[in-house]
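Trainee: Here it is, the structure, as structure tokens.
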Amino acid sequence: MAQPDEAGHDTMMDKMLANGIVEMEEMESMLSDDDMEDMKEPMMNVMMTAMMEGMYQRHSAPIPADYAGLHNPVAAGSASLARGQEIYSENCEICHGVSGMGDGPDGAQLSPGPAPIRISGQMLSDEYLFWRISEGGEVFDTAMPTWKRILDERQRWDVINYVRALGR
Ligand code: HEC
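Start counting the sequence shown at 3; every next residue gets the next number (our numbering).
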């Protein structure tokens with residue numbers, strides 16, 4: 003796993019998206035031409051979609067002072083995961099989908115669509131996830147709801163524990 007950068011992001015995926023072409027060239031040197039032909043189109047589609055929908059901008063935005071440096075204080079034990087699962091199924095699943103790939107029924111018409119948070123949960127920092135869940139998509143003009151007045155802090159960390167566990 004890449005080390006978090008100054009803004010606290012785990013930068014591996016961000017760099018991959020930002021430098022799609024560079025990464026493609028690196029990969030080209032490792033893979034055969036046939037492998038590349040099979041992979042090029044799906045990979046480019048994923049990267050283009052992410053860039054067009056502003057995901058890269060959101061992932062590289064500076065973390066607001068209220069959230070910068072936060073670490074999950076709630077241990078990801080079975081009690082937290084059970085609470086997180088309930089919170090997720092009641093509040094998040096309808097957009098982010100049962101498996102966290104962003105394919106819930108209420109997300110289908112949204113642009114940008116719900117993030118594939120089972121992946122975000124692996125690559126993004128505590129402070130980023132907690133910020134985005136707390137404040138929602140208002141500053142980015144997206145449909146992600148603001149949860150800070152609906153879920154208390156422990157509930158927000160519980161759901162982060164659950165989403166992280168989903169993607170493992
Ligand atoms: C109305 C649909 C909707 C619901 C309900 C919803 N989200 Fe989202 N969510 C979105 C959309 C759309 C995005 C992508 C745009 C953005 O990042 O602001 C998003 C983005 C996110 C992100 C940022 C991921 C990233 O890669 O940047 C996280 C984390 C997240 N949601 C968690 C949650 C959690 C946890 C819940 C439940 C408590 C939830 N969402 C409920 C629509 C929703």
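All C-beta atoms, glycine included, are put in the ideal place defined by N, C-alpha and C.
Rounded to a whole number of angstroms, what is the C-alpha to C-alpha distance between Asp143 and Gly109?
Mentor: Each residue's Cα considered, the two are about 15 angstroms apart.
Trainee: Using 8 angstroms as the cut-off, can you tell me whether the region 87-105 makes contact with the region 65-72, which would need three or more C-beta pairs spanning the two stretches below that distance?
Mentor: With the cut-off at 8 angstroms, the region 87-105 and the region 65-72 do not touch.
Trainee: By alpha-carbon positions, which one of Glu43, Gln111, Met103, Cys97 ends up nearest to Arg166?
Mentor: Of the candidates Glu43, Gln111, Met103, Cys97, the one whose C-alpha sits nearest the C-alpha of Arg166 is Met103.
Trainee: Locate the alpha helix (DSSP H) running through Gln111, then write down its first and last residues.
Mentor: Here Gln111 belongs to no alpha helix (DSSP H), and DSSP marks it neither H nor E.
Trainee: Out of Pro118, Arg85, Thr51, point me to the one whose CA is closest to Val100's CA.
Mentor: Of Pro118, Arg85, Thr51, the residue nearest in Cα terms is Pro118.
Trainee: Please find out if some non-hydrogen atom of the ligand HEC comes closer than 7 angstroms to the beta-carbon of Thr144.
Mentor: Under cutoff, so the answer is yes.
Trainee: Let's see if you can read the secondary structure: which residues bound the alpha helix (DSSP H) around Ala81?
Mentor: Note, Ala81: alpha helix (DSSP H), 80-93.
Trainee: In whole angstroms, what separates the C-alpha of Gly79 from that of Gly138?
Mentor: Straight-line Cα distance between these residues: approximately 26 angstroms.
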